[in-house]
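A.B. asks: Protein chains in written order, with the numbering used here: chain A, 7 to 255; chain B, 7 to 255.
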DNA sequence: GCAGTTAACTGATCTATATCATGGAAGCTG
DNA sequence: CAGCTTCCATGATATAGATCAGTTAACTGC
């Protein structure tokens, strides 16, 4: 078996990013939201965004803070979680370039219900909820698109409730790895590398399990050659076998 | 202890409902969606809705059906769930008068991800996703309102993931009872009656537990005088104590 | 390259909750 | 109201996974 114990993940430097205007325009143009707009409209909207750099592990906002901004990941990986008592957090989502977070609903709830933390160094664009509201009013198609983003997340959240409720730990880990592979996977000569620094504890917080249980299951998968994994990284070697582990039985 | 073993719940007849135009207008006018519209606009929109009656236990749609309609509960209680293998369902939500369900996103996913079943006899209004889309395009404020509905549900779903992941069965049952009381509670001389036919199995499907475990916990709560409960009904006698059971500890 | 730190592994034990099995009560039906 | 069906209660037993504790391996910074 390949004994590659060094992490294959690009952790980018811990230096702060600075997001250029160019990068901002490119990111905004790529968003499903804004694909219908022309360059002029895009530039006008771009004016209303701020950009901010974050270092690894830095917090963007905390659960309970008054929520007055909508954020877009321009570069880096962001983790959203609900903090629990004494380290018992629940990891809700890992976001990458182009993903929206924060207050998407203009006049919805008044405080953030989750905490956002930068997993790598990152560049984040943000806009005040008020400005965002004005944009939505102006372009109704954008509101419908945000509805679709919300729906996707609601369906994902319900799927997760279902999985936690009905599957044993091993299968919960499998579906989580598959989802992560789908979203963050980079094809390499060593299989599908999950391109974000994910710890056993992170996986535990995603699967409603303990780090120890995750460790045991992951080790077993490694021994079977289904995955390869080390400190803060995971690579899926055999997708087919992994998928089979959760098929109807 | 009060030994009221007869069900206090109004089960309405198992006859089909028929929704009058009057009822339809009243329901639509009450929706957070449509509160901004005047009578003429409301009447125009009302035209585009169908109404349909369902008997107790009847299905409105199944998970996997192609989703081309948005629904509104006009009368009765609807349960949404994800069907699992061999009776291991997961109950997602219980809806009452005024609640929306089905395809809220116009051009989102193409099949329903849950199954909708009438808990009582009920009257349901529905509109094609296309018509609904046209309405949203016409009134951007409505799209923003649906965004808020979606956000509320997403937050609730995430809260549930958190609870299932971090709380023991007893506390999961408590938070579920509190939520049900909040949403479906009717103040009576016998405490807050949860005004829907909820079985131990339903509660189990809401709390990721087994009916047996639910039964044991509920019995214990009855012995402590916190709740009263019988076949297909639950009443909360002591809200304060119930709340205390899930406070930080 | 070495010391210190954090993450991952692994064995032993414990426990909350599932499972299995049975009996009993509430409501419904003719 | 007798008989049937469905829901609920409850005891005995089993077990997945948590907890506790100690070791090992990878990365970080001087």
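Don't be surprised by glycine CBs; every beta carbon is placed ideally from N, CA and C.
So with CB distances below 8 Å, who are the chain A contacts of residue 108 of chain B?
C.D. replies: Chain order gives no chain A residues near residue 108 of chain B, where near means a beta carbon separation below 8 Å; the closest approach is about 11 Å.
A.B. asks: Only counting the same chain, and skipping five residues up and downstream in sequence, which positions put a Cβ closer than 7 Å to that of residue 13 of chain B?
C.D. replies: 236, 237, 238, 239
A.B. asks: Taking only the alpha-carbon atoms, compute the straight-line gap between residue 150 of chain B and residue 221 of chain A and give it to the nearest angstrom.
C.D. replies: 44 Å
A.B. asks: So what does DSSP say about residue 1 of chain B, is it helix, strand or coil?
C.D. replies: Outside the shown range of chain B, which is 7 to 255, sits residue 1 of chain B, and nothing can be said about it.
A.B. asks: Can the beta-carbon of residue 54 of chain B be found closer than 7 Å to that of residue 133 of chain B?
C.D. replies: yes
A.B. asks: Shortest alpha-carbon distance to residue 130 of chain A belongs to which of A:184, A:81, A:180?
C.D. replies: A:81
A.B. asks: Please decide whether residue 50 of chain B counts as near chain A, where near means a Cβ-Cβ distance under 7 Å.
C.D. replies: no
A.B. asks: Give me whichever residues DSSP pairs with residue 132 of chain A in a beta bridge.
C.D. replies: A:56, A:77
A.B. asks: What does residue 70 of chain A reach in chain B if we use C-beta pairs closer than 7 Å?
C.D. replies: Near residue 70 of chain A there are no residues of chain B at all, since even the closest Cβ is about 13 Å away, more than 7 Å.
A.B. asks: Decide yes or no for the touch test of the segment 200-211 of chain A against the segment 159-171 of chain A: beta carbon pairs closer than 8 Å, at least 3 of them.
C.D. replies: no
A.B. asks: Could you check whether the segment 104-111 of chain A touches the segment 42-49 of chain A, counting it as contact only if at least three pairs of C-beta atoms, one from each stretch, sit closer than 8 Å?
C.D. replies: no
A.B. asks: If we call anything under 7 Å between Cβ atoms a contact, is residue 180 of chain B one with residue 248 of chain B?
C.D. replies: yes
A.B. asks: The alpha helix (DSSP H) that contains residue 187 of chain B, what's its start and end?
C.D. replies: 175-190
A.B. asks: Just checking residue 40 of chain A against the ligand SAH - is the residue's beta carbon closer than 6 Å to any of the ligand's heavy atoms?
C.D. replies: Here there are no bound small molecules, and the ligand SAH is not part of this structure.
A.B. asks: If I measure Cβ to Cβ from residue 147 of chain A and keep anything under 8 Å in the same chain, skipping five residues before and after, which residues do I get?
C.D. replies: 42, listed in sequence order.
A.B. asks: Taking C-alpha atoms, which residue in A:144, A:100, A:137 lies nearest to residue 125 of chain A?
C.D. replies: A:100
A.B. asks: For chain B, check one thing: does any of its Cβ atoms lie closer than 7 Å to the Cβ of residue 119 of chain A?
C.D. replies: yes
A.B. asks: Using a Cβ-Cβ cutoff of 7 Å, what residues of the segment 160-184 of chain A are near chain B? List them in chain order.
C.D. replies: 160, 161, 163, 164, 166, 167, 168, 170, 171, 172
A.B. asks: Please confirm if residue 111 of chain A has its CB atom under 7 Å from at least one CB of chain B.
C.D. replies: Residue 111 of chain A counts as touching chain B.
A.B. asks: For a test of the three-state rule: what should DSSP assign to residue 232 of chain A, helix, strand or coil?
C.D. replies: coil
A.B. asks: Cβ closer than 7 Å: which chain A residues qualify as neighbours of residue 156 of chain B?
C.D. replies: 153, 156, 157, 160
A.B. asks: Near residue 15 of chain A, what residues of its chain come up, given a Cβ to Cβ distance below 8 Å and the 5 sequence neighbours on each side ignored?
C.D. replies: 199, 201, 202, 203, 238, 239
A.B. asks: Pull up the CB-CB distance for residue 52 of chain A and residue 211 of chain A, whole angstroms please, since I reckon it's below 8 Å.
C.D. replies: The pair is not a contact, with the Cβ atoms about 35 Å apart (cut-off 8 Å).
A.B. asks: Can you round the beta-carbon distance between residue 121 of chain B and residue 69 of chain B to whole angstroms, since I take them to be within the 8 Å contact cut?
C.D. replies: 5 Å between Cβ atoms; contact.
A.B. asks: Specify the secondary structure class of residue 252 of chain B as computed by DSSP and reduced to three states.
C.D. replies: Three-state DSSP puts residue 252 of chain B in coil, outside helix and strand.
A.B. asks: Please report the straight-line C-alpha distance between residue 143 of chain B and residue 157 of chain A, rounded to a whole angstrom.
C.D. replies: 18 Å
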